[in-house]
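Participant: Here it is, the structure, as structure tokens.
2 protein chains.
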Amino acid sequence: MSTRTSRGRRPGAPDTRAQVLDAARASFAEKGFRATTIRAVASTAGVDPALVHHYFGTKDNLFLAALEMPVDPRELLAPVVQMGPDGAGERLLRTFLSVWDDPDIQVRLLAVVRSVLDEDGGQLLKEGFIPVVVGPVLARLVADEPDVRIPLVVSQVLGLIVARYVLALPPMAVMPAEDLVARMGPVIQHYLTGDLAAGVVRPV
Amino acid sequence: MSTRTSRGRRPGAPDTRAQVLDAARASFAEKGFRATTIRAVASTAGVDPALVHHYFGTKDNLFLAALEMPVDPRELLAPVVQMGPDGAGERLLRTFLSVWDDPDIQVRLLAVVRSVLDEDGGQLLKEGFIPVVVGPVLARLVADEPDVRIPLVVSQVLGLIVARYVLALPPMAVMPAEDLVARMGPVIQHYLTGDLAAGVVRPV
């Protein structure tokens, strides 16, 4: 927030950019991701749709900017996906923790999480963030049944966020990242590629 | 809330009971579970400590009453614990879902969850609910390292609560309870008794 108000992107532009983001945020929250159009956001902000495209590119990008995510999960997770499903559980978790454990980023991500955990924000996560941002990434890592496996992964990661960052439960809050990767990575891997139908999880 | 105000426990008593609960809630939220004493709560409420004991019994029970939990997790989980660690992951989850999937109870549990997810409430979960109520139950089911295993179980259950009930993520929100038990039960079991050090989770 302070960066946006304290230094303009280009002369005269910051207000316009902020107006577009305000309009986008209101529309995503009220109508949801799918029903929001760049044209309508531009109209609410009183600017030309071409300007919105110029600033933000696609609707996905506008959505991420409206959420004020300090990082782009798609870029972060690209290398994890490139290496394929083997060991992806641990790599996903390690990448996730490297971002969340950064104090400056954590503060901003926590603000996002607190806002999506309230009634209105939930829709942004459900209709936007998970299907548009996280879903396509995870879909390239799951063995099958993406509609079941992705929510299972999401549920464990949400629980990790709540336990380690929102509530700061000991010892979860202070456990070294690699200890968590070793303990929770195999579970993420199981949800991604394990035999869910077998219904039994066993160490080798 | 409505039950408490619409029918008194005994003539003249409802106000006193509500005053004690208000004082308890304020103290648990402000000082935490450990630093709260029945004597201080009674003093704040302007009643005799013996009356607080009479109404609520122990500090643990006063805490649960202050959280306005519609069910007592200790009673619910007693049969799960009695049957021992084998299959406890699925039994825990089945019991958990049978309570949470009841619409009347769910509405009240969601109110509790939303209140603990905010800044003040987190302390109640961290210092009170988990160590006092859930911890001792799970401690009887874990193979070893309770300080690591219990938080891992808690993290997955918190994620399930957020995904299925708070955000109502599809298909998590509508998946039949037994499907969830089959998919997530083995993970809870792994956290309770699996070989965490092996770092690999495999179906049989």
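Taken in order, these protein sequences are the chains called U and Z. Position in the first sequence (first residue = 1) + 6 = my numbering. Position in the second sequence (first residue = 1) + 6 = my numbering. C-beta: ideal position from N, C-alpha, C; glycine also.
1. Nearest to Pro152(U) by alpha carbon, out of Pro192(U), Pro176(U) and Tyr197(U)?
2. Please state the DSSP three-state secondary structure of Leu158(U).
3. Going residue by residue through the segment 63–147 of chain U, where are the continuous beta strand (DSSP E) segments of at least 3 residues, counting only ones entirely within it?
4. Report the option in Asp185(U), Phe34(U), Asp150(U) and Tyr171(U) whose CA atom is closest to the CA atom of Val105(U).
5. Measuring CA to CA, which of Ala30(U), Thr64(U), Glu36(U) and Asn67(U) is closest to Ser216(U)?
6. Using the C-alpha atoms, what's the distance from Pro85(Z) back to Thr42(Z)?
7. With distance defined between alpha-carbon atoms, name the residue in Gly38(Z), Val26(Z) and Phe34(Z) nearest to Tyr61(Z).
8. Please list the partners that Asp153(U) has in chain Z, where partner means a Cβ-to-Cβ separation under 7 angstroms.
9. Hey, quick one: how far does the alpha helix (DSSP H) through Arg189(U) stretch, first residue to last?
10. Counting contacts by CB-CB distance shorter than 8 angstroms, is Lys132(U) in contact with chain Z?
11. With DSSP collapsed to three states, give me the class of Gly52(U).
12. Any idea if Arg40(U) is buried or exposed, counting beta-carbon neighbours within 10 angstroms, 16 or more meaning buried?
13. Shorter than 8 angstroms from the beta carbon of Gln162(Z) to some beta carbon of chain U?
14. With distances taken Cα to Cα, identify the nearest neighbour of Asp66(U) among Leu131(U), Ala51(U) and Leu147(U).
15. Can you pull out the residues from the segment 31–52 of chain U whose beta carbon lies closer than 9 angstroms to at least one beta carbon of chain Z?
16. Give a yes or no on whether the minimum CB-CB distance between Ser60(U) and chain Z is below 8 angstroms.
17. Between the C-alpha atoms of Thr199(Z) and Gly95(U), what's the straight-line distance to the nearest angstrom?
18. Give me the Cβ distance between Val119(Z) and Leu73(Z), rounded to the nearest whole Å; I'm assuming they're in contact under 8 angstroms.
19. On the criterion of 16 or more Cβ atoms from any shown chain inside 10 Å, does Met89(U) qualify as buried, or is it exposed?
20. Tell me the DSSP secondary structure of Glu151(Z) in three-state form.
21. In angstroms with no decimal places, state the Cα-to-Cα distance between Leu115(Z) and Pro109(Z).
22. Tell me which same chain residues have a C-beta within less than 8 angstroms of the C-beta of Asp201(U), skipping the five on either side of it?
23. Could you tell me whether the Cβ of Arg114(Z) comes closer than 8 angstroms to any Cβ of chain U?
24. Among the residues of its own chain, which have a CB less than 7 angstroms from the CB of Gly141(U), if the five just before and after it don't count?
25. Return helix, strand or coil for Arg15(Z), following the three-state DSSP convention.
26. Using only alpha-carbon positions, find the residue among Ile136(U), Pro137(U), Pro79(U) and Pro182(U) that is nearest to Ile111(U).
27. Which class does Ala203(U) belong to by DSSP, given the choice of helix, strand or coil?
Facilitator: So, to answer that:
1. Here residue 152(U) refers to the residue found at position 146 of the first sequence. Of Pro192(U), Pro176(U) and Tyr197(U), the residue nearest in Cα terms is Tyr197(U).
2. Counted from its first residue, the first sequence places residue 158(U) at position 152. Leu158(U): helix per DSSP, three-state reduction.
3. none
4. Working through the first sequence from its first residue, we reach residue 105(U) at position 99. Cα-wise, what sits closest to Val105(U) is Tyr171(U).
5. Within the shown structure, residues of chain U are numbered from 7 to 210, placing residue 216(U) beyond reach of any answer.
6. Your numbering for residue 42(Z) matches position 36 in the second sequence. Your numbering for residue 85(Z) matches position 79 in the second sequence. In a straight line, the C-alpha of Thr42(Z) is about 30 angstroms away from that of Pro85(Z).
7. Reading the second sequence from its first residue, position 55 is the one you call residue 61(Z). Looking at the Cα atoms, Val26(Z) is the closest of the given residues.
8. Start at 1 with the first residue of the first sequence, and residue 153(U) comes out as number 147. Within 7 angstroms Cβ-Cβ: Pro177.
9. By one-based count along the first sequence, residue 189(U) stands at place 183. It spans Ala183 to Thr199 - the alpha helix (DSSP H) in which Arg189(U) sits, taken as one unbroken run.
10. Walking along the first sequence from the start, residue 132(U) turns up at place 126. Using a Cβ-Cβ cut-off of 8 angstroms, Lys132(U) counts as an interface residue toward chain Z, since at least one Cβ of chain Z sits closer than that to its own.
11. Counted from its first residue, the first sequence places residue 52(U) at position 46. In the structure shown, Gly52(U) sits in coil (DSSP, three-state: anything other than H, G, I, E or B).
12. Taking the first sequence and counting its residues from 1, the one referred to as residue 40(U) is at position 34. Burial check for Arg40(U): the Cβ neighbour count within 10 Å stays below 16, so the residue is exposed.
13. Locating residue 162(Z) in the second sequence gives position 156, counting from the first residue. Yes, its Cβ sits closer than 8 angstroms to a Cβ of chain U.
14. For the purposes of this step, residue 66(U) is taken as residue 60 along the first sequence, with counting starting at 1. Of the candidates Leu131(U), Ala51(U) and Leu147(U), the one whose C-alpha sits nearest the C-alpha of Asp66(U) is Leu131(U).
15. none
16. Looking up residue 60(U) in the first sequence gives position 54. Sequence inspection shows His at residue 60(U); the Ser mentioned does not correspond to that position. Cβ-Cβ to chain Z under 8 angstroms: no for His60(U).
17. Working through the second sequence from its first residue, we reach residue 199(Z) at position 193. Working through the first sequence from its first residue, we reach residue 95(U) at position 89. Computed Cα separation, rounded: 20 angstroms.
18. Here residue 119(Z) refers to the residue found at position 113 when the second sequence is read from its first residue. Here residue 73(Z) refers to the residue found at position 67 when the second sequence is read from its first residue. With 8 angstroms as the limit, Val119(Z) and Leu73(Z) do not qualify as a contact, their Cβ atoms being about 10 angstroms apart.
19. The residue you call residue 89(U) lines up with position 83 of the first sequence. Burial call: exposed.
20. Position 145 of the second sequence, counting from 1, holds the residue named residue 151(Z). Coil, per DSSP.
21. For the purposes of this step, residue 115(Z) is taken as residue 109 along the second sequence, with counting starting at 1. For the purposes of this step, residue 109(Z) is taken as residue 103 along the second sequence, with counting starting at 1. Their backbone Cα atoms lie some 10 angstroms apart in a straight line.
22. Your numbering for residue 201(U) matches position 195 in the first sequence. None.
23. By one-based count along the second sequence, residue 114(Z) stands at place 108. No, Arg114(Z) lies away from the interface with chain U (no Cβ there is under 8 angstroms from its Cβ).
24. Position 135 of the first sequence, counted from the start, is the residue given in the question as residue 141(U). Within the same chain, Gly141(U) has close Cβ partners Ile156.
25. Walking along the second sequence from the start, residue 15(Z) turns up at place 9. Residue placement at Arg15(Z) is poorly supported in this model, since its pLDDT is 45, which falls under 50; the coordinates are not used for a value here.
26. Your numbering for residue 111(U) matches position 105 in the first sequence. Cα-wise, what sits closest to Ile111(U) is Pro79(U).
27. Indexing the first sequence from 1 puts residue 203(U) at position 197. It is helical.
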